[in-house]
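A.B. asks:
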Amino acid sequence: MKSFRKSFPFTAMVGQNELKIAYLVNIVNPDIGGLLISGPKGTGKSTIVYSVLELLPDYEAVSDCIFNCSARPGDPLCTSCSEKLAENGKLQKTTKKMSVVPLPLSCTEDRLIGTINVEKLLKTGEKIIQPGILGDANNNILYIDEVNLLPDHIVDDILDAAASHWNAIEREGISCSHPSRFILVGTMNPEEGELRPQILDRFPLCVKLKSITDIDSRKEIIKRNILFENDPGNLIQQFQEESALYAQLILDARELLQSVQFPDFFLTVIAGACSHLKVDGQRPDIVILKTAIAIAALEKRSETVADDIFLAGELTLCHRTRDGGLLPPATSEEIKKAFAEMFDSIKPQEKVGLDKTTMYGIRAAKKEDSLTQKKN
Numbered sequence: 027m028k029s030f031r032k033s034f035p036f037t038a039m040v041g042q043n044e045l046k047i048a049y050l051v052n053i054v055n056p057d058i059g060g061l062l063i064s065g066p067k068g069t070g071k072s073t074i075v076y077s078v079l080e081l082l083p084d085y086e087a088v089s090d091c092i093f094n095c096s097a098r099p100g101d102p103l104c105t106s107c108s109e110k111l112a113e114n115g116k117l118q119k120t121t122k123k124m125s126v127v128p129l130p131l132s133c134t135e136d137r138l139i140g141t142i143n144v145e146k147l148l149k150t151g152e153k154i155i156q157p158g159i160l161g162d163a164n165n166n167i168l169y170i171d172e173v174n175l176l177p178d179h180i181v182d183d184i185l186d187a188a189a190s191h192w193n194a195i196e197r198e199g200i201s202c203s204h205p206s207r208f209i210l211v212g213t214m215n216p217e218e219g220e221l222r223p224q225i226l227d228r229f230p231l232c233v234k235l236k237s238i239t240d241i242d243s244r245k246e247i248i249k250r251n252i253l254f255e256n257d258p259g260n261l262i263q264q265f266q267e268e269s270a271l272y273a274q275l276i277l278d279a280r281e282l283l284q285s286v287q288f289p290d291f292f293l294t295v296i297a298g299a300c301s302h303l304k305v306d307g308q309r310p311d312i313v314i315l316k317t318a319i320a321i322a323a324l325e326k327r328s329e330t331v332a333d334d335i336f337l338a339g340e341l342t343l344c345h346r347t348r349d350g351g352l353l354p355p356a357t358s359e360e361i362k363k364a365f366a367e368m369f370d371s372i373k374p375q376e377k378v379g380l381d382k383t384t385m386y387g388i389r390a391a392k393k394e395d396s397l398t399q400k401k402n
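So in the working numbering, the last spot in the sequence shown is 402, and the numbers never skip.
1. Are the segment 316–323 and the segment 47–66 in contact at 8 Å, needing three or more beta carbon pairs?
2. Which residues in the same chain as E246 place their Cβ atom closer than 6 Å to its Cβ, once the five residues preceding and following it in sequence are excluded?
3. Is K249 close to the ligand COA? I mean its beta-carbon at under 7 Å from any heavy atom of the ligand.
4. When the distance is taken between beta carbons, is M214 closer than 8 Å to I167?
5. Can you give me the Cβ contacts of S33 inside the same chain, cut-off strictly under 6 Å, excluding the 5 residues immediately before and after it?
6. Exposed or buried, I63, counting other C-beta atoms within 10 Å across all chains shown (16 or more means buried)?
7. Based on Cα-Cα distance, which residue from D162, L303 and V233 lies nearest to G350?
8. In the DSSP assignment, find the beta strand (DSSP E) that holds T121 and state where it starts and stops.
9. Pull the bridge partners of K234 from the DSSP assignment, please.
10. When you compare only the Cα positions, how much space is there between E218 and E325?
11. Mapping DSSP to helix, strand and coil, what is F229?
12. Between K122 and D84, what straight-line distance do the alpha-carbon atoms span, to the nearest angstrom?
13. Take every Cβ of the segment 167–187, pair it with every Cβ of the segment 222–235, and state whether three or more of those distances are shorter than 8 Å.
14. Between which two residues does the alpha helix (DSSP H) harbouring T294 extend?
15. In this structure, what does DSSP give as the bridge partners for M214?
16. Looking only at its own chain, which residues have a Cβ that is under 7 Å from the Cβ of F292, when we skip the five neighbours before and after it?
17. What number of angstroms, rounded off, separates the C-alpha of A97 from the C-alpha of K119?
18. Alpha carbon to alpha carbon, how far is P66 from S269? Give it in angstroms, no decimals.
19. What's the gap between the Cα of S15 and the Cα of I252?
20. Taking all protein chains shown into account, do 16 or more other C-beta atoms lie within 10 angstroms of the C-beta of D240, making it buried, or fewer, making it exposed?
21. I need the straight-line Cα distance from Y169 to P216, nearest angstrom please.
22. With a threshold of 16 other CB atoms inside 10 Å of the CB of S190, please say whether the residue is buried or exposed.
23. Among I238, A273, G59 and G199, which one has its Cα closest to the Cα of A187?
24. Tell me which same chain residues have a C-beta within less than 7 Å of the C-beta of K316, skipping the five on either side of it?
25. Just tell me which of P230, R207, E220 and N143 has its CA closest to the CA of E172.
26. Check whether the segment 284–298 touches the segment 365–376, taking contact to mean three or more Cβ pairs, one atom from each stretch, closer than 8 Å.
27. Let me check one thing: in DSSP terms, what residues is S201 bridge-paired to?
28. Take the Cβ of A38 as the centre, count every other Cβ of all protein chains shown within 10 Å, and call the residue buried at 16 or more, exposed below.
29. Just checking my contact of I180 with C133 at CB under 8 Å: how many whole Å lie between their CB atoms?
30. Reducing DSSP to helix, strand and coil, say where A163 ends up.
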């Protein structure tokens, strides 16, 4: 499923630096899992979701797979690809570009999960599988606008796929399963209602947008949007060079990701801060570390620093339930204070001479200048 729309360039977006970083780290490391963008109407939520189309990298896929199966060794395969691999010993490969797959609010369960063409089956006996949106979204970005208004039964199906990374199509005694690994991106206006806690927790990162009040920034937003409406090709051309730099930055960060190192005491800081804030579950701790590593990779650094942890902590915890749902999500100030106190509690001798490690294995990496701004 491909989009042929002309999207507003990511690099032409004014402000919203935290949102840009949160979105980019998910593209660099899809295992982070997704992003919730919450904010009032008119803040560019949908615009930025589609703005990354020109930046998205290619991936190696099975050429004739209707479920976008990855052809990388060790990656999971759908039922059909597994059978072909067992029969032929190899699979035909092709290169596909990641895309944004929208899920409409009116989506039916069959359209989401996929179905079997029963009429064809009864007439000819041929098994024709029609992939659903979860199949289209495999190895792509699954985008849900107004996610807080999604029907509960559709939410439950998405939760199942997000948790297991698999989807099963079953009908008339015929079944087919396929991997469904996607970056889940949702947008919502909190004035229209809150999200169920179950799906809220499935968004690893969250950014809460506010309207931009700086006059010069608002003027620039007006200019760029009017130009895009009247002559989109002109605006895209103006930011083409910068967009190419960002696309390469994503590829470089993906290569660097596996070699980014972090000191062991960072784990103490993350675990201690989450425990102090009474964050529910252990998933947020893992997301913070993955996000901090991806931020460092985007910065073209081979080591994480304290600012990576601070920013990752805020992006991960600002929407998380606490104390079994009895406490509201922590404020930005509470999150910063908890991490600052944990860093201060680490004795100086514990910060020196510690072996650094990685989540994926150590490789040589070149340390270069920082490209993105940090937030204290």
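Every residue, glycine too, gets a C-beta built ideally from N, C-alpha and C. From a predicted model like this one, the values you see are computed outputs, not experimental measurements.
C.D. replies: Reading it off the structure:
1. Touching, yes, given that three or more Cβ pairs across the two stretches are closer than 8 Å.
2. The residue you call residue 246 lines up with position 220 of the sequence shown. Sequence-distant partners of E246 (beyond 5 residues in either direction) whose C-beta falls short of 6 Å from its own C-beta, in its chain, are V40.
3. Here there are no bound small molecules, and the ligand COA is not part of this structure.
4. As a working mapping, residue 167 is identified with position 141 in the sequence shown. As a working mapping, residue 214 is identified with position 188 in the sequence shown. No, the Cβ-Cβ distance between I167 and M214 is not below 8 Å.
5. Here residue 33 refers to the residue found at position 7 of the sequence shown. Counting only Cβ-Cβ distances below 6 Å, and skipping sequence neighbours, we find Y76, S77 and L79.
6. Against the sequence shown, residue 63 aligns to sequence position 37. The residue in question, I63, is buried, as its Cβ has 16 or more Cβ neighbours within 10 Å.
7. Here residue 350 refers to the residue found at position 324 when the sequence shown is read from its first residue. Comparing alpha carbon positions, the residue from D162, L303 and V233 closest to G350 is L303.
8. For the purposes of this step, residue 121 is identified with residue 95 of the sequence shown, where counting begins at 1. In the DSSP annotation of this structure, the continuous segment of the beta strand (DSSP E) that includes T121 starts and ends at K119 to K123.
9. As a position in the sequence shown, residue 234 is number 208, starting the count at 1. According to DSSP, which records beta bridges pairwise, K234 is partnered with S64.
10. Here residue 218 corresponds to residue number 192 of the sequence shown, with the count starting at 1. Here residue 325 corresponds to residue number 299 of the sequence shown, with the count starting at 1. Approximately 36 Å between the Cα atoms of the pair.
11. Taking the first residue of the sequence shown as 1, we reach residue 229 at position 203. Taken through DSSP and simplified to helix, strand or coil, F229 comes out as coil.
12. For the purposes of this step, residue 122 is identified with residue 96 of the sequence shown, where counting begins at 1. For the purposes of this step, residue 84 is identified with residue 58 of the sequence shown, where counting begins at 1. It is roughly 5 Å from the alpha-carbon of K122 to the alpha-carbon of D84.
13. Taking a cut-off of 8 Å on C-beta distances, the segment 167–187 touches the segment 222–235, as three or more cross pairs fall below it.
14. Taking the sequence shown and counting its residues from 1, one reaches residue 294 at position 268. Residue range F291 to H302 is occupied by the alpha helix (DSSP H) that includes T294.
15. Here residue 214 corresponds to residue number 188 of the sequence shown, with the count starting at 1. Answer by DSSP bridge pairing, in chain order: S64.
16. Residue mapping note: residue 292 aligns to position 266 of the sequence shown, counting from 1. Spatial neighbours of F292 in its own chain (CB-CB distance under 7 Å, excluding positions within 5 residues in sequence) are listed in chain order as T330 and I335.
17. On the sequence shown, residue 97 is found 71 positions in, with the first residue counted as 1. On the sequence shown, residue 119 is found 93 positions in, with the first residue counted as 1. For A97 and K119, the distance between alpha carbons rounds to 6 Å.
18. Walking along the sequence shown from the start, residue 269 turns up at place 243. Walking along the sequence shown from the start, residue 66 turns up at place 40. The straight-line gap separating the alpha-carbon atoms of S269 and P66 is approximately 27 Å.
19. The shown model of the chain, from 27 to 402, leaves out residue 15, and the question about it has no answer.
20. Here residue 240 corresponds to residue number 214 of the sequence shown, with the count starting at 1. Exposed, by the Cβ-count rule.
21. Locating residue 169 in the sequence shown gives position 143, where the first residue counts as 1. Locating residue 216 in the sequence shown gives position 190, where the first residue counts as 1. Approximately 17 Å, taken between the alpha carbons.
22. Here residue 190 refers to the residue found at position 164 of the sequence shown. Flag for S190 reads exposed.
23. By one-based count along the sequence shown, residue 187 stands at place 161. Of the listed residues, the one whose Cα sits closest to A187 is G59.
24. For the purposes of this step, residue 316 is identified with residue 290 of the sequence shown, where counting begins at 1. Spatial neighbours of K316 in its own chain (CB-CB distance under 7 Å, excluding positions within 5 residues in sequence) are listed in chain order as N55, D57 and I58.
25. Residue 172 sits at position 146 when you count from the first residue of the sequence shown. Check the Cα spacing between E172 and each of P230, R207, E220 and N143: the tightest is with E220.
26. Of all C-beta pairs linking the segment 284–298 to the segment 365–376, three or more are shorter than 8 Å, placing the two stretches in contact.
27. Sequence index remark: in the sequence shown, residue 201 carries index 175 (1-based). Per DSSP, E196.
28. For the purposes of this step, residue 38 is taken as the residue at position 12 of the sequence shown. By the beta-carbon neighbour count (other beta carbons within 10 angstroms, threshold 16), A38 is buried.
29. Numbered from 1 along the sequence shown, position 154 holds the residue referred to as residue 180. Numbered from 1 along the sequence shown, position 107 holds the residue referred to as residue 133. With a Cβ gap of about 6 Å, I180 and C133 count as contacting.
30. For the purposes of this step, residue 163 is taken as residue 137 along the sequence shown, with counting starting at 1. In this structure, A163 counts as coil in the three-state DSSP scheme.
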